[in-house]
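Asks: My numbering puts the first residue of the sequence shown at 51, with every later residue one more than the last.
All residues carry an ideal CB built from backbone N, CA and C; glycine is no exception.
Model, not experiment: these values are computed from the prediction.
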Amino acid sequence: MKRLFAFKSHYQKAKEFYARYERWLIPVMLFLGFWLDYFTFSNIEISTTLILLLSYWFIAALGIIFIQLFDEGKLPQKLKYLRLFSPLAIQLTFGALLGGPFVFYWFSGSFWVSWPFILAVLLLMVSNEVFRDHFLKPKVQISIYFYITLSLFSLSIPFLFHSLSPWLFVLAGALALVFILLFVLLLSVISPYIKQQWKFFALSVSIIFVIMNFFYFTNLIPPIPLSIKETNVYHSVQRSGAGYLLKGEEETVWQKLGLVKQTVHLAPNERAYVYTAIFAPSKLNTKIFHEWQYYDEAKGAWVIKDRLFFNLVGGRKQGFRGYSLKSVLPAGAWRVYVKTERGQTLGRVKFNIEKVESLVELKETVR
Numbered sequence: 051m052k053r054l055f056a057f058k059s060h061y062q063k064a065k066e067f068y069a070r071y072e073r074w075l076i077p078v079m080l081f082l083g084f085w086l087d088y089f090t091f092s093n094i095e096i097s098t099t100l101i102l103l104l105s106y107w108f109i110a111a112l113g114i115i116f117i118q119l120f121d122e123g124k125l126p127q128k129l130k131y132l133r134l135f136s137p138l139a140i141q142l143t144f145g146a147l148l149g150g151p152f153v154f155y156w157f158s159g160s161f162w163v164s165w166p167f168i169l170a171v172l173l174l175m176v177s178n179e180v181f182r183d184h185f186l187k188p189k190v191q192i193s194i195y196f197y198i199t200l201s202l203f204s205l206s207i208p209f210l211f212h213s214l215s216p217w218l219f220v221l222a223g224a225l226a227l228v229f230i231l232l233f234v235l236l237l238s239v240i241s242p243y244i245k246q247q248w249k250f251f252a253l254s255v256s257i258i259f260v261i262m263n264f265f266y267f268t269n270l271i272p273p274i275p276l277s278i279k280e281t282n283v284y285h286s287v288q289r290s291g292a293g294y295l296l297k298g299e300e301e302t303v304w305q306k307l308g309l310v311k312q313t314v315h316l317a318p319n320e321r322a323y324v325y326t327a328i329f330a331p332s333k334l335n336t337k338i339f340h341e342w343q344y345y346d347e348a349k350g351a352w353v354i355k356d357r358l359f360f361n362l363v364g365g366r367k368q369g370f371r372g373y374s375l376k377s378v379l380p381a382g383a384w385r386v387y388v389k390t391e392r393g394q395t396l397g398r399v400k401f402n403i404e405k406v407e408s409l410v411e412l413k414e415t416v417r
């Protein structure tokens, strides 16, 4: 009696392994891509970070093209292993490319102003994992790839031109539209299915383009590539060699975390200083404004009391440092917005002013 043995090829074993662990592999790739972004934005020069993001962007394009070529039978079957695991590579690059703007926007702007856009990016990242089967469809991948392209171009072009001009965002949008048109044309030559989806691509690209421009021109997108490092209120800010000598009151842990507003105790004739450190790429020169606002209880509204500025010169890794001061501050609630010339908000500091008869004890810090 013959015994029958069912032999499995290496490919079948690999396919079964992928099917068994796909639900874990894909989110791991997404998380890995996001972690790579956090590490690079936090520890590596922005020029190197942009090169890495452009590399991910290029790999994602190659992955999408490869899948279409293989599925249409235009590549040899010996590449089937690469086809099997190529969705993981795309997921890794998408995780990095979606996480890149999220991390940079989080570092660059005030969450309280930019939260709609930051939330939209976060939801897109989460849905990319939750609805992974849907996101593996070519028409959905290409739509996400357009958003990624527009985000990456709008980050890179201001860096290359050393400017925050809104026309550079317009240029980024135009270049992204041209690129995605050529990309879809190329895929249409490869795949009849892509060719049949032109109406869908036109609609999805148009919606993404309009929404991104709405976010930008309503100042919901932070002014990349600027990144705020610190902003706080002090009793005194003075030059000290190559740095600044800051004198301020000791903050509690909750105040440092931003969960409790700081109270600044001012003696008669004492001033309040708002100090800000902002990262900007080298050769970028612009103006940064401090908009001082006071809460008028009689009117029940915030009133702008001053709009002061200093010139920012990029290139310092720890951030370019500047400050503004006010001499006459009534007791009550205050806040100072850090803004660009276009009114885009980089950050905000909130504090209460309380009048006292004598000077309080201060802590000295050098930045």
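Could you tell me which residues DSSP puts in a beta bridge with Q288?
Replies: L295
Asks: According to DSSP, simplified to helix, strand and coil, what is A110?
Replies: helix
Asks: What's the call for Q343, buried or exposed, on a 16-neighbour Cβ count within 10 Å?
Replies: buried
Asks: Residues in the same chain with beta-carbon distance under 7 Å from S290, minus the five sequence neighbours each way, listed in chain order, please.
Replies: V416
Asks: N263 by DSSP, collapsed to three states: which one?
Replies: helix
Asks: Which whole-angstrom value describes the C-beta separation of L396 and I328, a residue pair presumed to lie in contact below a C-beta threshold of 8 Å?
Replies: The pair is a contact, with the Cβ atoms about 7 Å apart (cut-off 8 Å).
Asks: Rounded to whole angstroms, what is the Cα-Cα separation between R133 and A110?
Replies: Each residue's Cα considered, the two are about 13 Å apart.
Asks: Helix, strand or coil for A348, going by three-state DSSP, please let me know.
Replies: coil
Asks: Is it true that the stretch 277-295 meets the stretch 320-327, where meeting means three or more beta-carbon pairs spaced less than 8 Å apart?
Replies: yes
Asks: Buried or exposed: where does Y131 fall if 16 or more other Cβ atoms within 10 Å of its Cβ makes it buried?
Replies: exposed
Asks: Are there 16 or more other CB atoms within 10 angstroms of the CB of Q118, so buried, or fewer, so exposed?
Replies: buried
Asks: Could you check what DSSP says for K311 in three-state terms: helix, strand or coil?
Replies: coil
Asks: Check L138 in the structure and name its three-state DSSP category.
Replies: helix
Asks: How many Å lie between P380 and W352 at the Cα?
Replies: 14 Å
Asks: Just the Cα atoms here: how many angstroms apart are S193 and F251?
Replies: 7 Å
Asks: Figure out for me which residue from E299, F108 and Q305 has the closest Cα to the Cα of V314.
Replies: Comparing alpha-carbon positions, the option among E299, F108 and Q305 lying closest to V314 turns out to be E299.
Asks: Of the choices G382, L270, F108 and I207, whose alpha-carbon is the least far from that of E347?
Replies: G382
Asks: Apart from the five residues on each side of it in sequence, which residues of its chain come closer than 7 Å, Cβ to Cβ, to L54?
Replies: Confidence is the limiting factor: at L54 the pLDDT is only 48, short of 50, which leaves the residue's position unreliable, though a coordinate-based value still follows. The answer is none, since no qualifying residue turns up.
Asks: Thinking C-alpha only, which one of L142, L138, L125 and S136 is nearest L102?
Replies: L142
Asks: Among L200, S213 and R371, which residue has its Cα nearest to the Cα of F259?
Replies: L200
Asks: If we count the other Cβ atoms within 10 Å of its Cβ and call it buried at 16 or more, is K405 buried or exposed?
Replies: When all chains shown are included, K405 counts as exposed.
Asks: Within this structure, are the beta carbons of L148 and I230 separated by less than 9 Å?
Replies: no
Asks: On a CA-only basis, which of F219, V303 and S377 is nearest P318? Give me that one, please.
Replies: S377
Asks: Is the distance from the Cβ of R371 to the Cβ of T326 below 9 Å?
Replies: yes
Asks: Would you check if the distance between the CB atom of L253 and the CB atom of I114 is smaller than 9 Å?
Replies: no
Asks: By the DSSP assignment, the alpha helix (DSSP H) with L237 in it spans what residues?
Replies: P216 to I240
Asks: Which residue from D121, W107 and F135 puts its Cα closest to that of F144?
Replies: W107
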